[in-house]
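K.L.:
Take this structure first; my questions come after.
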Amino acid sequence: MSLAKPLPAARRRQRGRAAPYLFVLPALLLFAAFKLYPIGWSFLLSLHRTVAGTDTFVGLDNYARLLDDPLLWTALRNTLVVLAVQVPLMLALATGLAVALDSSLLKGRSVFRLGFFLPMVTGLVAYGIVFSVLLNKDYGLVNWLLGRAGADPVPWLTDGMWARISLGLALTWHYTGYNAVILLARLQTVPRELYDAAAVDGAGALAAFRHVTLPGLRPALLLTTVLSTIGTLQLFDEPTVLTGGGPDNATLTLGMYLYRHAFTYFDFGYASAVAYALTLLIGLLGLLQFRLLGDKP
Amino acid sequence: MTDSDRQPHDTDSRPPARRDLLRMGGGALAAGLGGLALTACTGTGADGGGGDDGDPEKGRITVWSWQGPAAELKALVPDFNKAHPGIQVTVEDIGNPAIWEKITAGLAAGGQGLADVLHIGVDYLPGYVERFPGGLADLAPLGATRHKDAFAQGLWGTVSPDGTRVNALPWEANSGGFYYRADLFEKAGVDADALQTWDETIEAGKTLKAKTGAHLIGIDKPASQPDAANFFQLLLQLQGAFYFDLDGRVTLDSPESVKAMTLIKTMNDAGLVSDLSGGWNTLISSLKKGTNAVVPYPTWFGGVIEEQVPAEAGRWRVRLPPAVRRGGPTAATVNSTHLAVAGGSRHRAAAWTFVEYALTRPASQVRIYRGKGIAPALMKAYDDSVFHEPSAFFGGQKKGEIFLAALKAPSPPVNYTADYARALRLVTDAQSKVLLKGADPAAVLRDAAAELARQTGRKTAR
Chain A
774 MSLAKPLPAA RRRQRGRAAP YLFVLPALLL FAAFKLYPIG WSFLLSLHRT VAGTDTFVGL
834 DNYARLLDDP LLWTALRNTL VVLAVQVPLM LALATGLAVA LDSSLLKGRS VFRLGFFLPM
894 VTGLVAYGIV FSVLLNKDYG LVNWLLGRAG ADPVPWLTDG MWARISLGLA LTWHYTGYNA
954 VILLARLQTV PRELYDAAAV DGAGALAAFR HVTLPGLRPA LLLTTVLSTI GTLQLFDEPT
1014 VLTGGGPDNA TLTLGMYLYR HAFTYFDFGY ASAVAYALTL LIGLLGLLQF RLLGDKP
Chain B
4 MTDSDRQPHD TDSRPPARRD LLRMGGGALA AGLGGLALTA CTGTGADGGG GDDGDPEKGR
64 ITVWSWQGPA AELKALVPDF NKAHPGIQVT VEDIGNPAIW EKITAGLAAG GQGLADVLHI
124 GVDYLPGYVE RFPGGLADLA PLGATRHKDA FAQGLWGTVS PDGTRVNALP WEANSGGFYY
184 RADLFEKAGV DADALQTWDE TIEAGKTLKA KTGAHLIGID KPASQPDAAN FFQLLLQLQG
244 AFYFDLDGRV TLDSPESVKA MTLIKTMNDA GLVSDLSGGW NTLISSLKKG TNAVVPYPTW
304 FGGVIEEQVP AEAGRWRVRL PPAVRRGGPT AATVNSTHLA VAGGSRHRAA AWTFVEYALT
364 RPASQVRIYR GKGIAPALMK AYDDSVFHEP SAFFGGQKKG EIFLAALKAP SPPVNYTADY
424 ARALRLVTDA QSKVLLKGAD PAAVLRDAAA ELARQTGRKT AR
């Protein structure tokens, strides 16, 4: 009887193959409901304009509006300035820090590592508020100290340029340690023999850094660059708490601009269009960075 | 946005909880999108005022408010339940400004997850009504119209712009005030009570600065918080003007607007304006330091001063603000808050029962005033003696009567429109340019008006 026969091997394998999909199904369903669906829905939203509660299909109008919106360009420019100035400085600082924290000359390394990483676990809003209190022109600690030293008060948050610098300082304080830890982890996988070989070849500390450390760090540098880029393009919390995007939109970011349209102006269609433009930008910049920094074939 | 909405009414709740704003932003976004999903799948959403309102004496209702007002509503519940035992009320303190994001997300999700009763500021109400028709229940069929004449003038037009549909019931009505340090004015030899116009006040401010070192007022110059334009708005309203006219046209560059901004520039150029960037925290520390001689804030701020600087009892006075033009009005209702019922609520009738109990009975309103100094819009409440008692803190002045006089004075209606938030943003940016870069008031306001018209498709009134 065929019924008594054991299952053919192929069918047994097939049933075995279905099992993993069953296991991931709950996660997939949740992903579809809470990620995929909103992503799709917001694309549809970006093609609509809501007038008096009724959605009207407007095609690419919202995207056309983007091109003609001076504040959007201000926000983009502000975001790109942070990207071009703060991110490289921070990553250079993080690299230096990683090398220093890796050095066997340093005593109590774990204490320092913890110290530099700690800002990362501070609540975003909490540190934003702390910085805004520290940097207040008339009442802040920093200007009080400067005053004691005989310097004039600095308009940290009330002048466009200084507000950008303050934002950069806050971001650097927060994320440098985090990036340093990633770089440090990679640094520890660089074989010691390479340094020994470099030393035998007569390389000094600088040459060793250039020819051994940096190439070794390359994948981690790529990772931190891409992560920082994405993070910067989505920048929201710090400027919101620190400056509210001001003064006169000097620290307005794309993320804030998006949020403002959705939740302050109730213009969800336009906010979605900004979100898609932002996604496109992040995708393009990410691709570019992989091209430039990634392993060449 | 306007001060009453942005500030906690009690000071134990500290600055408007920004952490909440951010947390709610993310949470609300997820909730909103989840809600959209449900709406799309089942085809049910808020159906507006139609349908069954439920039993007016039975149901389980939730109320959303913030800080002080939430606490006061909570305190009303035991009494309410004596009269209406069938209704279970849960009052939730959502926090301000978090509540706006949460209501927005709920309304955008077709009413999913909203409370039955919503506490809404005048700056958000028109936007909610216009952008989400049916999101708030029409209270007229439930009986709201019979209270039409019970509130301070102008407020019925705010909650019922077309005269038939009633979107909410007024709760607070805050008039612009002029709180000042009598001791500083005395030291400077200026009679603060005699100041009739803001021009005179600026001259007095110069003497004050020279003799005491105190600034006249403080403004959040870089507009780090959305309510940085409160003072500008007060000066506009004292002239019967606003960002929009009653037809919804943009009036940001009106002569009144330019006059208001010019006054601010004159004060600033004379070194009379201290910087309050950082918002609430900075305002309170300036209060404690005595940096500014005048705090041009509305009714509810008196309670905050008493709580924050109790040691200065007797040094403070309050009056209505000077006029912008000699002989002009000194009274302006600068903001109001309201209770609305969610259109998608299954217990609209029960929710209305609670709203009516809280807002139209003088006893409820008097109790709330005693608790948190929240100025009622309900005129009958002012018959109570609590509004006519001399205040030891304000040197024996009858503070309640001063603001009552303002509520009774003619107050032109203010058209916030659904685009108030955009207008406010452009105004605060323009003000920052004037205060920080010395820009020309007429020029920045003309640009702001043009930009507002461009963004909203509204016409300018010029």
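One line per chain: the protein sequences are A and B, in this order. If you're matching positions, the first sequence starts at 774 in my numbering and goes up one per residue. If you're matching positions, the second sequence starts at 4 in my numbering and goes up one per residue. Glycine residues also receive a C-beta, built at the ideal position from the N, C-alpha and C atoms.
Between the region 1003-1012 of chain A and the region 934-947 of chain A, do at least 3 Cβ pairs fall closer than 8 Å?
P.N.:
yes
K.L.:
Given a threshold of 16 other Cβ atoms within 10 Å of its Cβ, counted over all protein chains shown, does S435(B) qualify as buried or as exposed?
P.N.:
Numbered from its first residue, the second sequence carries residue 435(B) at position 432. That one is buried.
K.L.:
Need the endpoints of the alpha helix (DSSP H) that W67(B) sits in, please.
P.N.:
In the second sequence, residue 67(B) corresponds to position 64, counting from 1. Segment G62 to S68 is the beta strand (DSSP E) holding W67(B); no alpha helix (DSSP H) there.
K.L.:
With DSSP collapsed to three states, give me the class of P11(B).
P.N.:
Here residue 11(B) refers to the residue found at position 8 of the second sequence. With a pLDDT of only 40 at P11(B), under the threshold of 50, the placement of this residue in the model should not be trusted; the figure read from the coordinates follows. Of the three classes helix, strand and coil, the one that applies to P11(B) here is coil, per DSSP.
K.L.:
Rounded to a whole number of angstroms, what is the C-alpha to C-alpha distance between A451(B) and S260(B)?
P.N.:
Within the second sequence, the letter at position 448 stands for residue 451(B). Within the second sequence, the letter at position 257 stands for residue 260(B). Their Cα atoms are separated by approximately 11 Å.
K.L.:
Give the single residue among T1026(A), G1056(A) and V898(A) whose Cα lies nearest to the Cα of L853(A).
P.N.:
Here residue 853(A) refers to the residue found at position 80 when the first sequence is read from its first residue. Looking at the Cα atoms, T1026(A) is the closest of the given residues.
K.L.:
Flag this pair as touching only if the region 262-273 of chain B and the region 157-173 of chain B have three or more C-beta atom pairs under 8 Å; answer yes or no.
P.N.:
Output reads no: the region 157-173 of chain B does not touch the region 262-273 of chain B.
K.L.:
Just to confirm, are Y1038(A) and A848(A) a CB contact at a threshold of 8 Å?
P.N.:
For the purposes of this step, residue 1038(A) is taken as residue 265 along the first sequence, with counting starting at 1. For the purposes of this step, residue 848(A) is taken as residue 75 along the first sequence, with counting starting at 1. No, they are not a contact pair.
K.L.:
Nearest-angstrom Cα distance between G137(B) and G346(B)?
P.N.:
Taking the first residue of the second sequence as 1, we reach residue 137(B) at position 134. Taking the first residue of the second sequence as 1, we reach residue 346(B) at position 343. Spanning the two alpha carbons is a distance of roughly 6 Å.
K.L.:
Let me make sure I understand the geometry here. Which of T356(B), L407(B), I371(B) and T200(B) has the alpha-carbon closest to that of A326(B)?
P.N.:
Along the second sequence, read from residue 1 onward, the residue named residue 326(B) stands at position 323. The residue with the shortest Cα to Cα distance from A326(B) is T200(B).
K.L.:
According to DSSP, is I1055(A) part of a helix, a strand, or is it coil?
P.N.:
The residue given as residue 1055(A) occupies position 282 in the first sequence. DSSP places I1055(A) in helix when its eight states are reduced to three.
K.L.:
Out of L979(A), V898(A) and T829(A), point me to the one whose CA is closest to G1042(A)'s CA.
P.N.:
The residue you call residue 1042(A) lines up with position 269 of the first sequence. Considering only alpha carbons, the answer is T829(A).
K.L.:
Taking the alpha helix (DSSP H) that S367(B) falls in, what are its first and last residues?
P.N.:
Taking the second sequence and counting its residues from 1, the one referred to as residue 367(B) is at position 364. Per DSSP, S367(B) belongs to the alpha helix (DSSP H) from P365 to K375.
K.L.:
So A111(B) contacts chain A; which residues on that side make the cut at Cβ distance below 7 Å?
P.N.:
Here residue 111(B) is taken as the residue at index 108 of the second sequence, counted from 1. Those within 7 Å of A111(B) in chain A are F1041.
K.L.:
Does chain B have any CB closer than 8 Å to the CB of F804(A)?
P.N.:
Here the question's residue 804(A) lines up with position 31 in the first sequence. Not one chain B Cβ lies under 8 Å of F804(A).
K.L.:
Ignore the nearest five residues each way along the sequence and tell me which others in A412(B)'s own chain have a CB closer than 6 Å to its CB.
P.N.:
Taking the second sequence and counting its residues from 1, the one referred to as residue 412(B) is at position 409. The answer, listed in chain order, is A334.
K.L.:
Can you find a CB in chain B that lies within less than 8 Å of the CB of F1036(A)?
P.N.:
For this step, residue 1036(A) is matched to residue 263 along the first sequence. Judged by the 8 Å Cβ criterion, F1036(A) is in contact with chain B.
K.L.:
Using a Cβ-Cβ distance under 8 Å, would T847(A) count as near chain B?
P.N.:
Position 74 of the first sequence, counted from the start, is the residue given in the question as residue 847(A). It does not: the Cβ of T847(A) has no partner Cβ on chain B nearer than 8 Å.
K.L.:
Between the region 416-430 of chain B and chain A, which residues of the former have a C-beta closer than 7 Å to a C-beta of the latter?
P.N.:
A424 and R425
K.L.:
Is it the case that the Cβ atoms of L279(B) and S289(B) are separated by a distance below 8 Å?
P.N.:
On the second sequence, residue 279(B) is found 276 positions in, with the first residue counted as 1. On the second sequence, residue 289(B) is found 286 positions in, with the first residue counted as 1. Yes, the Cβ-Cβ distance between L279(B) and S289(B) is below 8 Å.
K.L.:
P892(A) CB to nearest chain B CB: under 8 Å?
P.N.:
Taking the first sequence and counting its residues from 1, one reaches residue 892(A) at position 119. Taking Cβ atoms only, chain B never reaches closer than 8 Å to P892(A), which makes this a no.
K.L.:
Given this structure, state the Cα-to-Cα distance separating A468(B) from T336(B), to the nearest angstrom.
P.N.:
Since the first and last residues shown for chain B are 4 and 465, residue 468(B) lies out of range.
K.L.:
What do you reckon, are the CB atoms on N909(A) and T285(B) nearer than 8 Å?
P.N.:
Your numbering for residue 909(A) matches position 136 in the first sequence. Your numbering for residue 285(B) matches position 282 in the second sequence. Cβ distance < 8 Å, so N909(A) and T285(B) count as in contact.
K.L.:
What residue range does the alpha helix (DSSP H) around F816(A) cover?
P.N.:
The count along the first sequence starts at 1 and reaches residue 816(A) at position 43. Y810 to S819 is the span of the alpha helix (DSSP H), which, as asked, contains F816(A).
K.L.:
Give the secondary structure of A943(A) by DSSP, where H, G and I count as helix, E and B as strand, and everything else as coil.
P.N.:
Position 170 of the first sequence, counting from 1, holds the residue named residue 943(A). DSSP places A943(A) in helix when its eight states are reduced to three.
K.L.:
Just list the alpha helix (DSSP H) runs in the region 837-879 of chain A, keeping only unbroken ones of 4 residues or longer that don't cross its boundaries, in chain order.
P.N.:
843-854 and 860-875
K.L.:
Any contact of the region 168-185 of chain B with the region 363-380 of chain B, i.e. 3+ C-beta pairs under 8 Å?
P.N.:
yes
K.L.:
Taking beta-carbon pairs under 7 Å, can you tell me which members of the region 217-239 of chain B lie near chain A?
P.N.:
K224, P225, A226, S227 and Q228
K.L.:
What are the start and end residues of the alpha helix (DSSP H) that includes K237(B)?
P.N.:
Your numbering for residue 237(B) matches position 234 in the second sequence. Note that residue 237(B) is Leu in the sequence shown here, rather than Lys. N233 to Q240 is the extent of the alpha helix (DSSP H) around L237(B).
K.L.:
Does the contact criterion of 3 or more C-beta pairs under 8 Å hold for the region 915-928 of chain A versus the region 968-981 of chain A?
P.N.:
no
K.L.:
Ordered along the chain, which non-local residues of its own chain (more than five positions away) have a Cβ less than 7 Å from that of D186(B)?
P.N.:
By one-based count along the second sequence, residue 186(B) stands at place 183. R318.
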